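>
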Amino acid sequence: MLNKKFETVSRYKCKASIMLEGLPGKGKSGLALLLGTALADYEPEYVSAIDTENESLSLFKGLPASSGEPFDKFKKVNLTPEDGYSPSNYLELRAAAVKDGAKVVISDSITHAWQYEGGILSMVSNYVATHSNPKDKYAPWNDAAISKEKNLLLDLIRSRDCHVITTVRVKEKFAPETQADGKTKIKSLGEQQIMQDDLKYEPDLVLHAIQAGCGQEGRIVHPKVTVVKSRYPMFAEGETYEMTPDLIESMRVWLAEGADPTELLEKQRQDYITGITEYLNANPTKETFWQILKSQEGCEKTKLTELPLVTIKKLLNKLTL
């Protein structure tokens, strides 16, 4: 006989997992502080930030936010090239912030964990420079230290212990395109994150910053964003919003009241399924590699749509080496 009983369905408070992307000067850092302050129940002393941008967050001290209140009392620490931008260093600082009482931790920016000194691509370059078979492009990714740090990238995006806000740099990419007359023209591929491709599937909310906010008296300008992806009901993908105090408050309240965790996890799983499908469609030569990866995980006969979230994450992380 089953020793179980029915219980009233519960909703659970959710920890935010928000990624802000955008070109320099479009207001990522200011918006991160604005959102962080709200998520800390408007007590900025519970907001801690990891600053990789030449101490740029210090410049916000005392400046008026678009909410009308000055940026004040938040805590920060500088992560420098001398420290190294490895994901493990970010996580160590985040753990220290939580231990110190932080409710919100901002990482500004995690692009450094991907391509700057001590980051993943930096580690790969150092490996190639010091090993005898540089033509084996997969060798660095099989190195234990590099593989460990790469896997930790996903951990930068969310935490059970605090709200997490990350910023990511973008750049406009270009590619040659042959015209009907045979001439070659450079075509813009649009703005793309300077980050590992599959990382965008992890956060619950990705906002593309297109206008910085301003809180000067007589000139209130709310930050403006376009929603890249959303698992939050107040944001629709593809739509553009002004990040007003009312909109930010509605997000804070929704997270505080709680959401169905099963629903959020299933949305996340569907995002990863879409990511793998799009990647394989764009890279058909990877199909054989994909089947090998599935075999290694013991799921070669399982359809993509039936794979559990933890397996899909692991497979996409290996697929996009």
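Every number in the numbering used here is 30 more than the matching position in the sequence shown, counting from 1.
C-beta: ideal position from N, C-alpha, C; glycine also.
Remember, it's a predicted structure, so these values are computed and weren't measured experimentally.
CB-CB under 7 Å to residue 355, same chain, minus the five flanking residues each way: which ones, in chain order?
With the chain represented from 31 up to 351, any question about residue 355 goes unanswered, as that position is not in the structure.
> Where does residue 194 land, buried or exposed, given buried means 16+ other C-beta within 10 angstroms?
buried
> Could you spell out where the alpha helix (DSSP H) holding residue 120 opens and where it closes?
117-129
> Looking only at its chain, what residues have a beta carbon closer than 6 Å to the beta carbon of residue 175, apart from the 5 residues adjacent to it on each side?
Excluding its 5 nearest sequence neighbours in each direction, residue 175 has no C-beta neighbour in its own chain below 6 Å.
> Take residue 319 and list the residues in its own chain whose beta-carbon comes closer than 8 Å to its own, dropping the five residues that flank it on each side.
349
> To which residues of the same chain is residue 181 closer than 8 Å at the C-beta, ignoring the five residues directly before and after it?
So the list reads 347, once near-sequence residues are dropped.
> Nearest-angstrom Cα distance between residue 50 and residue 62?
7 Å
> Decide if residue 119 is buried, meaning its Cβ has at least 16 other Cβ atoms within 10 Å, or exposed.
buried
> Assuming residue 80 and residue 138 form a contact by the criterion Cβ under 8 Å, report the distance between their Cβ atoms to the nearest whole angstrom.
7 Å
> Look at residue 200 and residue 53 and say whether their C-beta atoms are less than 7 Å apart.
Closer than 7 Å, so yes.
> Is residue 184 closer than 7 Å to residue 48 when the C-beta atoms are compared?
no
> Name, in chain order, the residues that DSSP records as bridge partners for residue 199.
52
> Can the beta-carbon of residue 179 be found less than 7 Å from the beta-carbon of residue 150?
yes
> Any idea if residue 87 is buried or exposed, counting beta-carbon neighbours within 10 angstroms, 16 or more meaning buried?
buried
> Can at least three beta-carbon pairs, one atom from the region 108-122 and one from the region 65-77, be found at a separation below 8 Å?
no
> Which of the three DSSP states is assigned to residue 86 in this structure?
Helix at residue 86.
> Please state the DSSP three-state secondary structure of residue 108.
Residue 108 falls in the strand class under three-state DSSP.
> What number of angstroms, rounded off, separates the C-alpha of residue 218 from the C-alpha of residue 162?
In this prediction, residue 218 has a pLDDT of 49, which is less than 50 and means its spatial position is unreliable; what the coordinates show is noted afterwards. C-alpha separation (whole angstroms): 37 Å.
> Which one or two residues does DSSP pair with residue 256 in a beta bridge?
The partner list for residue 256 (beta bridge, DSSP) reads 238, 270.
> With residue 250 as the anchor, note down where its beta strand (DSSP E) starts and where it stops.
249-251
> When DSSP labels each residue in this structure, what does residue 174 get in the three-state scheme?
Correct three-state label for residue 174: helix.
> In whole angstroms, what separates the C-alpha of residue 166 from that of residue 317?
20 Å
> By how many angstroms is the C-alpha of residue 250 removed from the C-alpha of residue 98?
8 Å
> Where do the ends of the alpha helix (DSSP H) carrying residue 276 lie?
275-287
> Restricting to Cα atoms, I'd like to know which of 232, 71, 55 is closest to residue 296.
For the residues 232, 71, 55, the minimum Cα distance to residue 296 belongs to 232.
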